[in-house]
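What follows is a single structure, written as structure tokens, with notes after it.
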Amino acid sequence: MVSVLSEDDNIIKNINPARISMKMWKGLGSGNRASTDVTVFSCSKVKDDKEDGFFYFRDKVIPERVGTYSIQFTFAMDKTNILSSDQIIVEVVPNDPVRLLPDPLPATPTVSNVRAVTSRTLVKDLCLCIMDEYNNCTGADLVGRVIAKIKSPSEDDTEIPQFQGKISTIEFPFDRGSAEINLVLAENSPGRDSTEYILVFEPDLPALKKPLEPYRLSFMFYNDFKKQQQMATLTRERDQLSQSIGVYRNWFDTTNQLVNEMKCQVKEAETRETHLKNELRKHQIELPQTNTLQYVDSLIKKKMLDQDGLMKQPRRTCTLPNFPKGNQDILGKIAHLAQIEDNEAAKVISWHLASDMDCVVTLTTEAARSIFDETQGRQQVLPLDSIYKKTLPDWNKPLPHLRNGKICFRPIGNPVFARDLLTFPDNVEHCQTVFGMLLGDTIIIDNLDAANHYRKEVVKIAHCPTLLTREGDRIRSNGKFGGLQNKAPPMDKLRGMVFGAPVPKLYSTFSGQIDLLQQYRAAVVKLDNVNKDLDLQLKSLNTPEMLKKKQELAEQEKSLMIIEQKLGMTPSDKVSESLLQLTVLDMPDTPIPPKRMRKETVKKLYSSEDWVSSSAKKQLQQQQPLQTPPSELNGSARKRKA
Numbered sequence: 001m002v003s004v005l006s007e008d009d010n011i012i013k014n015i016n017p018a019r020i021s022m023k024m025w026k027g028l029g030s031g032n033r034a035s036t037d038v039t040v041f042s043c044s045k046v047k048d049d050k051e052d053g054f055f056y057f058r059d060k061v062i063p064e065r066v067g068t069y070s071i072q073f074t075f076a077m078d079k080t081n082i083l084s085s086d087q088i089i090v091e092v093v094p095n096d097p098v099r100l101l102p103d104p105l106p107a108t109p110t111v112s113n114v115r116a117v118t119s120r121t122l123v124k125d126l127c128l129c130i131m132d133e134y135n136n137c138t139g140a141d142l143v144g145r146v147i148a149k150i151k152s153p154s155e156d157d158t159e160i161p162q163f164q165g166k167i168s169t170i171e172f173p174f175d176r177g178s179a180e181i182n183l184v185l186a187e188n189s190p191g192r193d194s195t196e197y198i199l200v201f202e203p204d205l206p207a208l209k210k211p212l213e214p215y216r217l218s219f220m221f222y223n224d225f226k227k228q229q230q231m232a233t234l235t236r237e238r239d240q241l242s243q244s245i246g247v248y249r250n251w252f253d254t255t256n257q258l259v260n261e262m263k264c265q266v267k268e269a270e271t272r273e274t275h276l277k278n279e280l281r282k283h284q285i286e287l288p289q290t291n292t293l294q295y296v297d298s299l300i301k302k303k304m305l306d307q308d309g310l311m312k313q314p315r316r317t318c319t320l321p322n323f324p325k326g327n328q329d330i331l332g333k334i335a336h337l338a339q340i341e342d343n344e345a346a347k348v349i350s351w352h353l354a355s356d357m358d359c360v361v362t363l364t365t366e367a368a369r370s371i372f373d374e375t376q377g378r379q380q381v382l383p384l385d386s387i388y389k390k391t392l393p394d395w396n397k398p399l400p401h402l403r404n405g406k407i408c409f410r411p412i413g414n415p416v417f418a419r420d421l422l423t424f425p426d427n428v429e430h431c432q433t434v435f436g437m438l439l440g441d442t443i444i445i446d447n448l449d450a451a452n453h454y455r456k457e458v459v460k461i462a463h464c465p466t467l468l469t470r471e472g473d474r475i476r477s478n479g480k481f482g483g484l485q486n487k488a489p490p491m492d493k494l495r496g497m498v499f500g501a502p503v504p505k506l507y508s509t510f511s512g513q514i515d516l517l518q519q520y521r522a523a524v525v526k527l528d529n530v531n532k533d534l535d536l537q538l539k540s541l542n543t544p545e546m547l548k549k550k551q552e553l554a555e556q557e558k559s560l561m562i563i564e565q566k567l568g569m570t571p572s573d574k575v576s577e578s579l580l581q582l583t584v585l586d587m588p589d590t591p592i593p594p595k596r597m598r599k600e601t602v603k604k605l606y607s608s609e610d611w612v613s614s615s616a617k618k619q620l621q622q623q624q625p626l627q628t629p630p631s632e633l634n635g636s637a638r639k640r641k642a
């Protein structure tokens, strides 16, 4: 919950929510300056009553990578001046353990049962770590073991290779979130020639209530050393092709997600624009079909001029000088704490409270005593901490002629509690205490005849409070009326000691219309921008560069299938998955993903300029690019880069 404070520590109200934003970046900022690589979030919800000046930032996705992050809130006062809050440092920690994974991922081992140890080595210095669902290392406090064994994809295969020492399982200690693994096959180990087997690493961690899935690593087993070397070459080529196909798949997946995200942004922008247009219709503002922005700009300018003209019109003000607010415990003189719109009501209430209008209200007795001493006792003071609040009237209770939800008699003269005619520019709660004590249940009614009728009927069922008439008469709570003491003088005789008039209601109407028009203008501009970005991205899907990438992927998939057939391995699922991705990418009506999925950042993007349009790169500016495009990963003779 965020608010903007003025120099006197009062909350600034009527702020456009679009000017409040939250920035988040990884690491610590330098002084009060944020990092250049930041994520900007807009206000997610504004409190129903905008006058309160509170803004909310909710439903923001926590970063997936662990580490220290900084959060800072900003208020754009204008195009050049930005007010920033202090930086808030948060620590993102891992989630619960989910899986066991190596760091880094090893290549597919190729081994045989010859004498040379290097040819029998399955894994060397393999580090197995516990990861959460976002692949962050976790479980640093867990202690246990990792059990390694070999399985065959075929359940009826009884020739299973064995580890050095002719054993089927080996245990490794697991400490501080990881385990170091070294595995060597036994010389002359059993096993079928040219067969794929699986290394299974099962974690045994007693402290975990839910067991983790084991990590599985496929390897090729051969009985002949020379054949092993040939197959190792093919295996390296397979790994390179698998990596290159994976890069292509990530690229097409990134492009597909980007298009879907842009479609969602267009849909949301259209919904926002339609909603604001309907809101403007409720204010009797109709917009033309063409030249909308020009019309809106001219209408905003006109409304602002009307608003300024309204503020310049003369209205009733209190000419009584207010007491200087050098102390935050001083609220001010009673005459300045409230405003009354109706002139007749303002006159009679001001006259009724004439002896109190000059009194200074303070929060504490200490502040009141200080004013008393400073003015040698000439200034009236009222400390709020000395008021017995249990006797104050209920601000929302009904008039005396209404009891238990029923009308006891039909009043004449439009009676209303005097306190209900007051509006308070500031310190509403404190002002209700002050005027609840001063006015009590005093009632305003049209004239003296109506007041006498009202009192006559009320005293039959309950006590009748003081009655004031809009014509200036007063009937005290004891029933006494008449005489100069109970007749209000003309307004000019009050010598400016009257409650001022509030800002006209039309001013608030203009403010609401201007705010709606400004929001609508921003929505139209955003809708136009996101439509342009989507069109540009859709055109990039059919460029010669994109078609070339699809062709390269198909060729690599064919090569991978041939190599896997030579190796006798289980066909890789990367081929079928990438074909599925290409099919989805070519579909014009791709389903829009759910909002939570759309909030998650895409993990990989590539730096080649001809792959992504500039607008697409803006959409994915937070992602870490791979430095090598897929075309550089083709073929076994080229160096692999990640």
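Heads up: the sequence shown begins at 1 in full-length UniProt numbering, then just goes up one per residue.
All residues carry an ideal CB built from backbone N, CA and C; glycine is no exception.
None of these values were measured; they are calculated from a predicted model.
| query | result |
| --- | --- |
| Distance, glycine 177 Cα to lysine 60 Cα | 29 Å |
| Straight-line gap, glycine 183 to valine 200 (C-alpha atoms, nearest Å) | The question names glycine, but residue 183 in the sequence shown is leucine. Computed Cα separation, rounded: 12 Å. |
| Neighbour-count burial assignment, proline 425, 16 or more Cβ in a 10 Å radius | exposed |
| CB contact flag (methionine 437, isoleucine 387, <8 Å) | yes |
| Neighbour-count burial assignment, histidine 463, 16 or more Cβ in a 10 Å radius | exposed |
| Residues near glutamine 126 by beta carbon distance below 7 Å, same chain, minus five either side | Per the sequence shown, the amino acid found at residue 126 is leucine instead of glutamine. Only Pro102, Pro106 and Ile181 meet the Cβ criterion. |
| Simplified DSSP assignment, three categories, for leucine 183 | strand |
| Reduced DSSP category for valine 428 - H, G, I as helix; E, B as strand; rest coil | helix |
| Extent of the continuous beta strand (DSSP E) run through methionine 220 | 215-222 |
| Whether aspartate 473 touches leucine 439 by CB criterion (8 Å) | no |
| Exposure of threonine 235, with buried meaning 16 or more beta-carbon neighbours within 10 Å | buried |
| Endpoints, the alpha helix (DSSP H) within which glutamine 537 is located | 505-540 |
| Residues sharing a beta bridge with serine 70, DSSP | Trp25 and Ile89 |
| Neighbourhood of leucine 299 by C-beta, 8 Å cutoff - its chain only, sequence neighbours within 5 removed | Ile285 and Leu517 |
| Run of the beta strand (DSSP E) containing threonine 110, from where it starts to where it stops | 110-112 |
| DSSP state of methionine 131 mapped onto helix, strand, coil | strand |
| Residue from Pro97, Ala186, Leu205 and Leu567 with nearest C-alpha to isoleucine 147 | Leu205 |
| Counted within 10 angstroms of its Cβ, other Cβ atoms place serine 355 as buried (16 or more) or exposed | exposed |
| Endpoints, the alpha helix (DSSP H) within which glycine 309 is located | 292-312 |
| Beta bridge counterpart(s) of glycine 500 as assigned by DSSP | Gln339 |
| Same chain, Cβ closer than 7 Å to cysteine 431, neighbours up to 5 away in sequence not counted | Leu337, Ala338 and Phe424 |
| Cβ pair count under 8 Å reaching 3, the region 479-487 against the region 256-271 | no |
| Residue of Ile150, Pro173, Phe172 and Glu155 minimising C-alpha distance to glutamine 162 | Ile150 |
| In chain order, each beta strand (DSSP E) run of at least 3 residues that lies wholly inside the region 337-379 | 360-362 |
| Residue closest to leucine 83, alpha-carbon to alpha-carbon, out of Glu429, Glu171 and Arg19 | Arg19 |
| Spatial distance of lysine 124 from aspartate 157 (CA atoms) | 27 Å |
| Among Gly405, Glu366 and Met311, nearest to proline 383 - alpha-carbon criterion | Glu366 |
| Bridge partner(s) assigned by DSSP for lysine 151 | Ile198 |
| Any non-hydrogen atom of the ligand ZN closer than 7 Å to asparagine 343 Cβ | Of ligands this structure carries none, so the ligand ZN is not represented either. |
| Under the three-state DSSP convention, the category valine 4 falls into | coil |
| CA nearest to the CA of leucine 230, picked from Thr110, Gln513 and Pro214 | Checking the sequence, you will find glutamine at residue 230 rather than leucine. Closest option to glutamine 230, Cα to Cα, is Thr110. |
| C-beta contact flag for tyrosine 134 and leucine 280 at 8 Å | no |
| Beta-carbon proximity check, alanine 417 vs aspartate 446, cutoff 8 Å | Here residue 417 is phenylalanine; the residue named in the question, alanine, does not match the sequence. No, the pair does not count as a contact, with Cβ atoms beyond the cut-off. |
| Close beta carbons around arginine 596, own chain, < 7 Å, minus the five adjacent residues each side | At arginine 596 the pLDDT is 38, less than 50, meaning the model places this residue with poor confidence; the figure from the coordinates comes in the next sentence. Same-chain partners within the cutoff: there are none. |
| Cβ pair glutamine 328, valine 360 closer than 8 Å | no |
| Limits of the alpha helix (DSSP H) - the one that proline 383 falls within | Counting along the chain, proline 383 falls outside any alpha helix (DSSP H), though it belongs to the beta strand (DSSP E) covering 381-383. |
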